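For reference, the structure discussed in these notes is given below.
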Amino acid sequence: MNSLALTGQRLDKLLIYHFLLVAGLLLLLAPLLPLSAGMQMLLLFNLQILLTTLTTMLAIFSGQTLGKNALSSLFGIWILVWLLHLV
């Protein structure tokens with residue numbers, strides 16, 4: 237059984253999209269944090285939960301739909317994460 241938002245968007249897809257978006261952005265910012273590895277992971281994990289919840293709720297209330305542009309930007313962010321951590 238799938239829950240639908242008022243816009244007809246499936247909420248599970250919206251949550252997965254925002255989880256991946258926040259994870260990608262946090263991984264791009266991770267090298268800039270001057271913390272030990274353990275503290276960095278703890279901070280990133282806590283921010284992941286908080287920011288995913290906030291962005292998903294904002295997307296539901298604003299009526300966001302996942303179109304080609306949104307998915308293309310998510311793909312671009314993850315390509316940047318891959319390139320940043322490859323070097």
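In the working numbering, the protein residues as written are 237 to 323. Using N, Cα and C, we set each Cβ at its ideal position, and we do this for glycine too. Note that the coordinates shown come from a computational prediction; the quantities given were computed from them, not determined experimentally.
Exposure of residue i, with buried meaning 16 or more beta-carbon neighbours within 10 Å
i      : result
Gly303 : exposed
Thr301 : exposed
Val323 : exposed
Leu250 : buried
Chain-order list of residues whose beta-carbon lies under 8 Å from that of residue i (same chain, five-residue window excluded)
i      : result
Ser272 : none
Leu279 : Leu269 and Leu271
Identity of the residue in the options nearest residue i by Cα
i      : options                           : result
Val317 : Tyr253, Gly260 and Asp248         : Gly260
His321 : Ile252, Gly274, Gln276 and Leu265 : Leu265
Thr291 : Met275, Ser308 and Val258         : Val258
Met277 : Thr288, Leu287, Thr289 and Leu262 : Leu262
Length at least 4, wholly inside the segment 244-275: the alpha helix (DSSP H) runs in chain order: 247-265
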